[in-house]
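Residue numbers (the numbering used here): 314 to 412. The structure appears right after this line, and notes come after that.
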């Protein structure tokens with residue numbers, strides 16, 4: 314699965330926030346379907362050329378926002394959609410602001 318994600322290392326926003334926002338948008342737009350298995354932390358980190366803890370932090374925010382769910386050793390999946398596609402993005406932004 315090739316995700317269209319770009320991390321700007323010169324941005325004032327942290328890489329974790331950039332990744333969280335972009336994943337939230339992909340999920341909200343339906344580019345990542347409900348039930349889709351997300352790449353492992355290591356796989357996504359390697360493909361983006363970023364540290365694994367950046368991916369872990371992003372996944373944790375998305376889990377807290379109820380957008381993805383962890384399934385033990387299987388990995389993480391996209392949870393069921395909400396009624397409005399922008400809800401996922403708003404939930405992500407809310408979770409990120411709380412830090």
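Think of the CB as a built atom: it goes at the ideal place given N, C-alpha and C, for glycine as much as any other residue. Remember, predicted model here, so these are calculated numbers, not experimental data.
_Through-space distance from residue 339 to residue 345, alpha-carbon basis_ = Within the chain shown, the letter at position 32 stands for residue 345. Within the chain shown, the letter at position 26 stands for residue 339. Approximately 6 angstroms, taken between the alpha carbons.
*asked:* Can you give me the C-alpha to C-alpha distance between residue 359 and residue 316, rounded to a whole angstrom?
replied: Here residue 359 refers to the residue found at position 46 when the chain shown is read from its first residue. Here residue 316 refers to the residue found at position 3 when the chain shown is read from its first residue. Looking at the two C-alpha atoms, the distance is approximately 13 angstroms.
_Please report the straight-line C-alpha distance between residue 320 and residue 355, rounded to a whole angstrom._
In the chain shown, the residue the question calls residue 320 occupies position 7. In the chain shown, the residue the question calls residue 355 occupies position 42. Rounded to the nearest angstrom, the two C-alpha atoms are 16 angstroms apart.
*Tell me the DSSP bridge mates of residue 350?*
By one-based count along the chain shown, residue 350 stands at place 37. Note: residue 350 sits in a beta bridge opposite 390.
*residue 347: buried (16+ other C-beta within 10 angstroms of its C-beta) or exposed?*
Position 34 of the chain shown, counted from the first residue, corresponds to residue 347. Under this definition residue 347 is an exposed residue.
*Could you check which residue in 318, 325, 323 and 330 has the C-alpha nearest to that of residue 366?*
Position 53 of the chain shown, counted from the first residue, corresponds to residue 366. Looking at the Cα atoms, 330 is the closest of the given residues.
_Contact check, residue 353 vs residue 379, beta carbons under 8 angstroms_ = For the purposes of this step, residue 353 is taken as residue 40 along the chain shown, with counting starting at 1. For the purposes of this step, residue 379 is taken as residue 66 along the chain shown, with counting starting at 1. No, the pair does not count as a contact, with Cβ atoms beyond the cut-off.
*Using DSSP with H/G/I as helix, E/B as strand and the rest coil, what is residue 381?*
Translated into the one-based positions of the chain shown, residue 381 becomes position 68. In this structure, residue 381 counts as strand in the three-state DSSP scheme.
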